[in-house]
Amino acid sequence: MRRGPVRTAFALITVLVMACVASASAVEPLWWKTVLRAEAGHVRFYAFAAASSRAAWVLGERIGRRGYARPVSYHWDGERRRSSALPSEPTYPRGEDVVGTRLSASGARNTWLLLPGEFGYAGEEPEECGLTPVPPEKRRADRPSRLLRWTGSGWEDSLTVEDAVLMSVVAVGSGGAWAFGEDLRGPVVFRYDGTKWTKKSGPVRVHDAEARGSEAWVVGESAVARRAGAWRFDGAFWRREQGVEGRQLISQAADGQDGRYAVGMRMSPLATASSPG
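With positions in the sequence shown counted from 1, the corresponding number in this note's numbering is that position plus 57.
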């Protein structure tokens, strides 16, 4: 599989992880400094989360031989960075799609890392001229999804999901989290209440998610009508936001005030839209 256009650009450009730091004088501009440098040609970064200036994490992949890669993680404590070993490092084909939210932090002790699973498919799209392509059918989860939580000194397993593929994780509050994905029947949501995980079905195939207060803001498409859009999710109810147009929304972010931006794909390669505040 090929990486989507937005994530590909990010992976190629982000050879350095940089931090914006304030200068000595409040009237002078902010400056950037390098805090982590990738090994050119061997490591790619594709996810970043920060709880504060002294607690940040980077997720990427180390490129191996024969077209395979392994996930790698780094932690920055404000003074130095160090590699953070994962409980296991599954191998996967180099160039897999990097979509969804793989790292999320709401605090130094509520930080989550997602290693997504993968579906196995049956059937192939017909290549004969004049026939309507039929998408392959999902049969099972070939690779389990794994959610890891930061303990303060390293990552530990919190949940392994073998009957669904998770694509996004969002840290909420001081000790909660949501994970969004899909099983063979449709979209699912996993909720962590600080003690245990619970699962329920959902109406949205989530492409990207981000916490805002006690809510999760997501972009994706409705499971039934397959209409792209943006939603707010408070753990119980989904509320569709108005004013976002796009065939497929990929990512979104806050504008620092009361609005948000969403990035999507239409007939043109790239389009942006701002949701009302």
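Ideal Cβ positions, reconstructed from N, Cα and C, are used throughout, including at glycine.
For R94, the three-state DSSP class (helix, strand or coil): Within the sequence shown, residue 94 is the residue found at index 37, counting from 1. DSSP places R94 in strand when its eight states are reduced to three.
Alpha carbon of R262 to alpha carbon of R242, nearest angstrom: Here residue 262 is taken as the residue at index 205 of the sequence shown, counted from 1. Here residue 242 is taken as the residue at index 185 of the sequence shown, counted from 1. Taking the straight line from one Cα to the other gives about 12 Å.
Beta-carbon gap between S163 and G135 smaller than 8 Å: Taking the first residue of the sequence shown as position 1, residue 163 is located at position 106. Taking the first residue of the sequence shown as position 1, residue 135 is located at position 78. Not a contact, by the Cβ cut-off of 8 Å.
Own chain, CB closer than 6 Å to T217, minus 5 neighbours either side, in chain order: As a working note, residue 217 is residue 160 in the sequence shown. Same-chain partners within the cutoff: P201, R203.
For G164, the three-state DSSP class (helix, strand or coil): As a working mapping, residue 164 is identified with position 107 in the sequence shown. If DSSP states are grouped into helix, strand and coil, G164 belongs with the strands.
Continuous beta strand (DSSP E) stretch holding L205: start and end: Looking up residue 205 in the sequence shown gives position 148. Looking at the DSSP string, the run of the beta strand (DSSP E) that includes L205 is 202-207.
In DSSP terms, what G233 is bridged to: For the purposes of this step, residue 233 is taken as residue 176 along the sequence shown, with counting starting at 1. Paired residues: V229.
Status (buried if at least 16 other CB within 10 Å, exposed otherwise) for H132: Numbered from 1 along the sequence shown, position 75 holds the residue referred to as residue 132. Classification of H132: buried, given that the 10 Å Cβ count is 16 or more.
Continuous beta strand (DSSP E) assignments of at least 3 residues falling wholly in the segment 255-287: 261-269, 272-279
When R248, V281, A112 are compared against T168, the one with the closest alpha-carbon: In the sequence shown, the residue the question calls residue 168 occupies position 111. Comparing Cα-Cα distances from T168 to each of R248, V281, A112, the minimum goes to A112.
Backbone secondary structure at G124 - three-state DSSP: Taking the first residue of the sequence shown as 1, we reach residue 124 at position 67. Looking at G124 - three-state DSSP - the assignment turns out to be helix.
CA-to-CA distance, F237 to V227, given in whole angstroms: The residue labelled residue 227 in the question sits at position 170 within the sequence shown. The residue labelled residue 237 in the question sits at position 180 within the sequence shown. In a straight line, the C-alpha of V227 is about 9 Å away from that of F237.
Cβ-based neighbour list, S258, same chain, cut-off 8 Å, excluding 5 preceding and 5 following: Your numbering for residue 258 matches position 201 in the sequence shown. Cβ neighbours of S258 beyond the five flanking positions: R242, G243, P244, V245, V246.
Outcome for S210 when other beta-carbon atoms lying within 10 angstroms are tallied against a minimum of 16: Counting from one through the sequence shown, the residue named residue 210 turns up at place 153. S210 should be labelled exposed.
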